[in-house]
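As they're listed, the protein sequences go chains A and B. The first sequence maps to residues 1 to 295 in our numbering. The second sequence maps to residues 1 to 295 in our numbering. The C-beta atom is built at its ideal place from N, Cα and C for all residues, glycine as well. Given the structure is predicted, the values throughout are model-derived calculations rather than measurements. Here the structure is laid out as structure tokens; the discussion comes afterwards.
Protein chains: 2
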Amino acid sequence: MDLRRLRYFVAVAEERSVGKAAERLRMAQPPLSVQIRKLEAELGTPLFRRGTRGMDLTEAGLALMSRASEALALAAEGVEAARAVAAGRRGRLSVGYMFVLASAVLPQLVPELRRSLPGVDLDFVELSASTREPLLLDRAVGVALCMPAIHHPEIQVAQIGTQTLMLAAPARSPLARMTAVPVDKLQGRPLIALPRPEEEPTSSAVAALLRRHQVVMPIISRVETVHSALGLVLAGEGLSILPACAKLGAPPGIVFRPFLDAADTIEIAACWRRDSSSQLIRTFLKSAEKVVARI
Amino acid sequence: MDLRRLRYFVAVAEERSVGKAAERLRMAQPPLSVQIRKLEAELGTPLFRRGTRGMDLTEAGLALMSRASEALALAAEGVEAARAVAAGRRGRLSVGYMFVLASAVLPQLVPELRRSLPGVDLDFVELSASTREPLLLDRAVGVALCMPAIHHPEIQVAQIGTQTLMLAAPARSPLARMTAVPVDKLQGRPLIALPRPEEEPTSSAVAALLRRHQVVMPIISRVETVHSALGLVLAGEGLSILPACAKLGAPPGIVFRPFLDAADTIEIAACWRRDSSSQLIRTFLKSAEKVVARI
DNA sequence: CCAACCCATACGTTTTCGGTATGTCTCATG
DNA sequence: CATGAGACATACCGAAAACGTATGGGTTGG
């Protein structure tokens, strides 16, 4: 069975005429006539009654017609669906993100993506430093917002923005009165830390900053989320050092201050498998850059 | 879009390997590989990821796959349906019958047809002499049981059996005591007649019989059905002359007697358009002959 | 009786398809 | 590190299928 024959058959059945159908198919009438007869020979039964004024479906032809036109429609739909997926007009995209970005980026990124990728099923997955790489390689996530980027031969990276590390302090703290805080003012003060560097690379950037200035801050507690860290800071338990984007979604009563003598930055990057469908990723990148630029 | 390509695609997707699929399709591996690449070129997007250990559907491929396999199944089903209809294993057959045959033939014919044509939608249509020809020509009925046959260049006829005309009389009538009745004994007796010859050819056979023997029977009433005629005979209104098959389904109290000096017969024939699907008709004929032989 | 219309057939040309031989890449193994 | 196996890709050639043009045959309507 050849789809060409089915298409010809459906055209003739619809036009009730070989000549008309040939015109519609932009071919000459004789070859179409031949194809129809070949189809009939293949099925071992006439599909049309030849009248003097055109062709008319037999019962067998009717039985074939209903299925054939559906099959053609399905095939066309399949082709269209594949093209749509390839073009990023339809499909699935699983977006991973490092949790420090959740409160700052997601509220704006999610609606932006739904706008720029209509017809695409989006889902969002929280990542940690240890899970992000295998999830990307397994295609469990299509693209990941990382801070900082992943380096791996199979993974492609696009820098989307950078974040400065800032001090988060209670508004009533004496440090809050300075517009910029010297790092050594932090000496000995209790630190509310994010998870260990193996899970959360931000923590290693913070550690590097303090080590460079030979400042020691005792870690009074490690928390899982930026929200918890900010809550403890507000409670007066200590200070925290976070990427600037954590400011978004921070409750009143907490101020963020840059450092006077340090401007350590962490890059925000999108990471994806090199062989992933490129169009979806490209659209994602545009949206993500737009959102991150507004932070 | 060519169905061959879709079939190849589905095979490769299912086997997750060009080589395996080629084996299943009984062809060499290289041409299959070429066809897959042509399909990808046609769609403008890769459908597979080529790994070292086989092929793996991309998202676009997945989108195509679900529709393509359905489309193939539908096409195959369409082909099978057309073949089944052609072979008489499935389809529709509208069976027409002259009403005089209804009580005698239908009770046995209907179950016999349902047995011999399983999967065929049967329906039964009552015909009169004036409607049977146009209904056959319009294909509103596929085959008609006629008494007698129709003669028309487009209509084919097969004789199935013959019916002798018999006298139907009340059991208490003096005529009932004879094993065979001379026609001239009917002279002047009231006749319960079926519809006029234009509608019911049996009536013209009856008229011919009487005319040949120069017997006149006043028509005391014309009725539409054999049942009505028998009812009136039983009521003592008069006599009736009917095909022998009317005996079946006649109430007790009515006897059928042959004529001593006449054996007029009417043929029972099946009639159908020459161009109708032959297999259904052939099976119908076998069943009808079997049933009529038992009358 | 002829012109118009429609489908069927014949034949030469072109396109496409399938098979064989071979290349390339990756992985596993000694 | 070399090598061999396994998988897909490429190149080329012969065969088959499809297409177009020209033409035939049957029916309808003027």
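For residue i, name the three-state secondary structure that DSSP assigns.
i      : result
A:M166 : strand
A:E200 : coil
A:I36  : helix
A:R296 : The structure shown does not extend to residue 296 of chain A, since chain A is modelled only from 1 through 295, so no value can be given for it.
B:E267 : strand
B:I295 : coil
B:P195 : coil
B:L232 : helix
B:V216 : coil
A:D184 : helix
B:P243 : strand
A:R26  : coil
B:I155 : strand
A:R273 : strand
B:A68  : helix
A:T360 : Past the boundaries of the shown model lies residue 360 of chain A; chain A is included only from 1 to 295, so the question cannot be answered.
A:E77  : helix
A:G61  : helix
B:G19  : helix
Exposed or buried, what is residue i when buried is set at 16 or more other beta-carbons lying within 10 Å of its beta-carbon?
i      : result
B:V233 : buried
A:E59  : buried
B:G44  : exposed
B:E200 : buried
A:V10  : buried
A:G91  : buried
B:S66  : exposed
B:Q35  : buried
B:G238 : buried
A:P134 : exposed
B:P46  : buried
A:A208 : exposed
A:A246 : buried
Measuring only the C-alpha atoms, how far is residue i from residue j?
i      : j      : result
B:E267 : B:P243 : 10 Å
B:A73  : B:R115 : 29 Å
B:G253 : B:K290 : 29 Å
A:I220 : A:P190 : 6 Å
B:G19  : B:F48  : 14 Å
B:P195 : B:G142 : 25 Å
B:Q163 : B:V216 : 23 Å
A:R53  : A:L39  : 21 Å
A:R211 : A:L113 : 39 Å
A:V105 : A:V95  : 12 Å
B:V292 : B:R282 : 15 Å
A:L64  : B:R274 : 22 Å
B:A193 : B:R294 : 26 Å
B:A41  : B:G61  : 13 Å
B:V85  : A:R26  : 32 Å
A:C271 : A:L137 : 11 Å
B:A75  : B:M1   : 14 Å
A:H213 : A:V206 : 11 Å
B:T202 : B:A263 : 14 Å
B:R50  : B:P111 : 60 Å
A:V183 : A:V223 : 22 Å
B:G78  : A:A68  : 6 Å
A:S338 : A:L285 : The displayed coordinates of chain A run from 1 to 295. Any statement about residue 338 of chain A would go beyond what the structure contains.
B:S204 : B:I155 : 22 Å
Residue i bridges to which residues according to DSSP?
i      : result
B:D56  : B:R49
A:A97  : Sequence inspection shows Tyr at residue 97 of chain A; the Ala mentioned does not correspond to that position. DSSP, once it has assigned bridges, lists A:E126, A:L145 as partnering A:Y97.
A:F256 : A:A168
B:G161 : B:I268
A:D121 : A:R92
Rounded C-beta distance between residue i and residue j? I'm assuming under 8 Å.
i      : j      : result
A:A229 : A:S240 : 5 Å
A:A158 : A:A269 : 6 Å
B:A288 : B:L145 : 7 Å
A:S103 : A:E198 : Going by Cβ atoms, the distance from A:S103 to A:E198 rounds to 22 Å, so no, they are not a contact pair.
A:V100 : A:M166 : Rounded, the Cβ-Cβ distance is 13 Å, inconsistent with contact.
A:A169 : A:V255 : 6 Å
A:A28  : A:A22  : 6 Å
A:L353 : A:L280 : The structure shown does not extend to residue 353 of chain A, since chain A spans only 1 to 295, so no value can be given for it.
A:R257 : A:A176 : 7 Å
B:I160 : B:R132 : B:I160 to B:R132, Cβ: 15 Å. No contact.
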